[in-house]
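Some notes on the structure that comes next.
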Amino acid sequence: MPTCSTQETPNTDINAITQQVDQWLNDVVIGLNLCPFAAKPQRNKQIKIFVSEATQEEALLEDILLQLIELSTTEPEKL
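Have a look at this one:
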């Protein structure tokens, strides 16, 4: 299901944002042990970083809802 984002972000921007979030997760959340449960899923590549392209609140909420639906309807082994 596609998102309802009204503006497309170049893939390079999405990749850069994803890499920055991943770096922050490793350096801050895991590196400073802010969440002791984050390291294992990160090592096992079980953390999904989704970058919404929404520019309106309603589209952002729909993107969040779609991600929650995917999370609740997908078997844990396939996430």
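Reminder that position 5 of the sequence shown reads as 1246 in the working numbering, one-by-one numbering, no gaps.
Every residue, glycine too, gets a C-beta built ideally from N, C-alpha and C.
Keep in mind the model is a prediction, meaning the values are calculated, not measured.
Leaving aside the five residues that flank Ile1255 on each side, the residues in its chain whose CB is nearer than 6 Å to its CB run, in chain order, Val1292. Secondary structure of Pro1317 (DSSP, three-state): helix. Nearest Cα to Asn1267 within the set Gln1287, Gln1283, Thr1250: Gln1283. In terms of Cβ geometry, Ala1279 and Ile1271 form a close pair [threshold 9 Å].
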